[in-house]
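Just so you know, the sequences run in chain order E and C. Under the numbering used here, residues 1 to 279 are what the first sequence spells out, in order. Under the numbering used here, residues 1001 to 1279 are what the second sequence spells out, in order. Here the structure is laid out as structure tokens; the discussion comes afterwards.
2 protein chains.
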Amino acid sequence: MTVAIVGIGLIGGSFALALKDKGIAKKVIGVEANEEHKRKALSLQLVDEVKELDEAVKESDLVFLAVPVDAVQKLLPAVLDKVDKQVVMDAGSTKEGIIEAIKEHPKRGRFVGTHPMWGTEYSGPEAAVRGAFEGKATVICNKEESDKDAVETVETIYRKLGMRFVYMNAQAHDVHVAYVSHISHITSFALANTVLEKEREEDAIFELASGGFESTVRLAKSNPLTWASIFMQNKENVLDVLNEHISQLRKFKACLEKENYEYLEELMVNANKIKRIIK
Amino acid sequence: MTVAIVGIGLIGGSFALALKDKGIAKKVIGVEANEEHKRKALSLQLVDEVKELDEAVKESDLVFLAVPVDAVQKLLPAVLDKVDKQVVMDAGSTKEGIIEAIKEHPKRGRFVGTHPMWGTEYSGPEAAVRGAFEGKATVICNKEESDKDAVETVETIYRKLGMRFVYMNAQAHDVHVAYVSHISHITSFALANTVLEKEREEDAIFELASGGFESTVRLAKSNPLTWASIFMQNKENVLDVLNEHISQLRKFKACLEKENYEYLEELMVNANKIKRIIK
Chain E
1 MTVAIVGIGL
11 IGGSFALALK
21 DKGIAKKVIG
31 VEANEEHKRK
41 ALSLQLVDEV
51 KELDEAVKES
61 DLVFLAVPVD
71 AVQKLLPAVL
81 DKVDKQVVMD
91 AGSTKEGIIE
101 AIKEHPKRGR
111 FVGTHPMWGT
121 EYSGPEAAVR
131 GAFEGKATVI
141 CNKEESDKDA
151 VETVETIYRK
161 LGMRFVYMNA
171 QAHDVHVAYV
181 SHISHITSFA
191 LANTVLEKER
201 EEDAIFELAS
211 GGFESTVRLA
221 KSNPLTWASI
231 FMQNKENVLD
241 VLNEHISQLR
251 KFKACLEKEN
261 YEYLEELMVN
271 ANKIKRIIK
Chain C
1001 MTVAIVGIGL
1011 IGGSFALALK
1021 DKGIAKKVIG
1031 VEANEEHKRK
1041 ALSLQLVDEV
1051 KELDEAVKES
1061 DLVFLAVPVD
1071 AVQKLLPAVL
1081 DKVDKQVVMD
1091 AGSTKEGIIE
1101 AIKEHPKRGR
1111 FVGTHPMWGT
1121 EYSGPEAAVR
1131 GAFEGKATVI
1141 CNKEESDKDA
1151 VETVETIYRK
1161 LGMRFVYMNA
1171 QAHDVHVAYV
1181 SHISHITSFA
1191 LANTVLEKER
1201 EEDAIFELAS
1211 GGFESTVRLA
1221 KSNPLTWASI
1231 FMQNKENVLD
1241 VLNEHISQLR
1251 KFKACLEKEN
1261 YEYLEELMVN
1271 ANKIKRIIK
């Protein structure tokens, strides 16, 4: 099949590589507004050619949207306007706003809302990774609102990529990802700012920082545009979790201030329960 | 040389392995209060034998203290009481309280306060890792208060383990580690509690959690006793950094509440500067 990939960055680029590696796409057409990304995507051979959106949609069997989530929400109705029998899918980290935006669209059935649970802290075409999605989960949202053949096309592709499926409605998805992904990014960004704010002797950080610091602060390297868009789209859920997180941090603070080391230990014993979930 | 290791857990056990692997110690004597750890340390062959503290100190050239930092602080004066020409060193994550506790001790010179910047979220003898310290930094504090030969002994060992040196006074050390290690642990513990508190459908977490979540929450598996002891010892510095971290999180919160996405992006662009420090 011919696949149009709109946005050839970390996700779009990695998806393009996987489509070729697994023999799923004969031809991959990139759609990319950023001139530098366009050049890089071509020189890295992530895509066979770069075209304008209209032409790319017309020539493709599948359109994969991998732009920031607010851009997906704006772009999707226009893409569906151009669609005949093509399947349109996205890979956005939020789902409710996107799915709401096309709820009444006559071509709603051609769209399948998905969220492959993979990413890194890097961005742009040069961040694309081979074998990226292998062994990971992908969420498919509001499956019943999509045409059966469209869902089958999408499932077949993800299956060939080695992914397992989680089916959810968009609302539930957005709540869950606020907990297992979005809050991690906020804490990491905030932790980086904490250290950068207070710690001026950078050599000291560099010398002393070991694996623990690197692992908690790694996500702070993530793309601000991508994440501003996600946080905007998932504002209510993110605020919920963020409030809870701040109140959890306040418990640690209170324990230290009051020298209540028994409760401090209790908080950490409770946190250890995460072992049951994350091996 | 013969080395006594007091506390044969993650750090003590890994140090024991390294001493043998590098041909530094002919004999390693373990001192361990926990009966189960004692048995495990012997069956895993981390130590050659287990003895009582008095005997172990008497028979050794070097005593390595790898118990929680509050225990080091209590134990160290008693160990120095028993010492003749032996060198005593520790591996504690805080240094000010420990060094203060023996400031006036007649055998002060035999002690070298160190902090090898390596660890994992696991604990106990079975968490011991071969080649653990290779390529990492180790801090040596208040070097000038230790006897020259004692410092040389310790430096020679760490050099053979493949470590590089950072020299600092105990106060500066405790400030820096609050930023590059202790706060990471608190955020990770608090993040685990946030998710465990709010997210009851554990299967959903398990299925959707990808690398980002795992990396920020990994340290929440750490030993509560070890870390309660560290936070107690470094209370003032940790509170300082924790307050700053909470205020950084509040900035994210305010941006979302006020839908100030420009400033939200700015916060993340600033956080990206961590790239200069952590590759």
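Cβ atoms here follow ideal geometry from the backbone N, Cα and C, with glycine treated the same way.
Assumed close pair residue i, residue j - CB separation to whole angstroms, cut-off 8 Å
i         : j         : result
E:Asn272  : C:Lys1221 : 6 Å
C:Glu1214 : E:Ile278  : 5 Å
C:Pro1125 : C:Ala1091 : So it is not a contact: roughly 15 Å between Cβ atoms.
C:Ser1188 : E:Thr216  : 6 Å
E:Thr94   : E:Asn234  : 5 Å
E:Val6    : E:Ala66   : 6 Å
E:Glu244  : C:Glu1257 : About 15 Å separates the two Cβ atoms, so there is no contact after all.
DSSP beta-bridge partners of residue i
i         : result
E:Thr114  : E:Ile140
E:Val238  : In the DSSP output, where bridge partners are listed per residue, E:Val238 has none listed.
C:Lys1027 : C:Thr1002
Delimiting residues of the alpha helix (DSSP H) encompassing residue i
i         : result
C:Ile1230 : Pro1224 to Gln1233
E:Phe165  : Here E:Phe165 belongs to no alpha helix (DSSP H); instead the beta strand (DSSP E) covers Arg164 to Met168.
C:Glu1127 : The amino acid at residue 1127 of chain C is misidentified as Glu; the sequence shows Ala. Where C:Ala1127 is concerned, there is no enclosing alpha helix (DSSP H), given that its DSSP letter is neither H nor E.
E:Ile186  : Ile183 to Lys198
E:Val217  : Gly211 to Val217
Delimiting residues of the beta strand (DSSP E) encompassing residue i
i         : result
E:Thr2    : Thr2 to Val6
C:Leu1062 : Leu1062 to Leu1065
E:Val87   : Val87 to Asp90
Residues near residue i in its chain [Cβ-Cβ closer than 6 Å; skip 5 each side]
i         : result
E:Lys82   : Val57
E:Phe231  : Val238
E:Met163  : Phe133, Lys136 and Thr138
C:Glu1096 : Ala1170, Gln1171 and Asp1174
C:Tyr1158 : Thr1138
C:Ala1150 : Val1087, Arg1110 and Val1112
E:Leu53   : Val31
E:Gly13   : Leu46, Pro125 and Ala128
For residue i, three-class secondary structure by DSSP
i         : result
C:Lys1020 : helix
C:Glu1032 : coil
E:Glu49   : strand
E:Val151  : helix
E:Leu95   : Here the sequence assigns Lys to residue 95 of chain E, which means Leu is not the residue at that position. Three-state result, E:Lys95: coil.
E:Lys58   : helix
E:Lys107  : coil
E:Lys258  : coil
C:Glu1134 : coil
C:Glu1265 : helix
E:Pro68   : coil
C:Thr1120 : coil
C:Ser1146 : coil
E:Gly9    : coil
C:Lys1275 : helix
E:Ile102  : coil
C:Leu1161 : coil
E:Asp84   : coil
E:Leu44   : coil
Sequence-distant residues of its chain with Cβ nearer than 7 Å to residue i (five each side left out)
i         : result
E:Lys51   : Ile29 and Val31
C:Pro1068 : Leu1225, Thr1226 and Ser1229
C:Lys1130 : Strictly speaking, residue 1130 of chain C in this sequence is Arg, with Lys absent from that position. Once the five neighbours on either side are set aside, the close Cβ partners of C:Arg1130 are Leu1017 and Asp1021.
C:Met1168 : Val1139 and Cys1141
E:Lys27   : Thr2 and Asp48
C:Ser1146 : Gly1109, Phe1111 and Val1112
Neighbour list for residue i in chain B, Cβ cutoff strictly below 9 Å
i        : result
E:Val139 : Given the protein chain composition of this structure (E and C), no chain B is represented.
Close-in-space but distant-in-sequence residues of the same chain around residue i (CB under 8 Å, 5 per side omitted)
i         : result
E:Pro280  : Not covered by the structure: residue 280 of chain E. The range shown for chain E is 1 to 279.
C:His1037 : Ile1008, Gly1009, Gly1124 and Pro1125
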